[in-house]
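Here's the structure we're looking at; comments come further down.
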Amino acid sequence: MLNGRPIPLVKRPARNPAEKWDALLYRHNIEGDSQVEAMLDKTICAMSSVFIGSSGSTFTEDILWLGKDWQTASVCDEYLCQDEHPNFIAENE
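Under UniProt numbering, the residue at position 20 of the sequence shown is numbered 20, and the numbers go up by one with no gaps.
Next comes the structure, spelled out in structure tokens:
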């Protein structure tokens, strides 16, 4: 919830050969490449109508920067838990 409104969470669907949204990844044998998947996630988020990111996240900053650069940013784009920093460190891959 943010300001009394629910925030939908989105999960990438499982691979379905009948769908073509990720066909290029498979055609070029780059499926499963974490850097490619991260850039795909950033692109999808940057092109969304609203993006809510995490304060202190470089991933969020990249998405906000892309949205501004591509002129897809929204006045509703904001940080979840503004001014709060993460209390954990992600492990290396």
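Backbone N, C-alpha and C define an ideal beta-carbon position, used for all residues, glycine too.
- Rounded to the nearest angstrom, the gap between the Cα atoms of residue 46 and residue 3 is 22 Å.
- The three-state secondary structure of residue 34, taken from DSSP, is helix.
- Within the same chain, 67 come within 6 Å of residue 73 by CB-CB distance, once the 5 residues on both sides are set aside.
- Fewer than three pairs of CB atoms, one per stretch, sit closer than 8 Å, so the stretch 26–37 makes no contact with the stretch 51–69.
- In this structure residue 7 is exposed. Its beta-carbon is surrounded by fewer than 16 other beta-carbon atoms within 10 angstroms.
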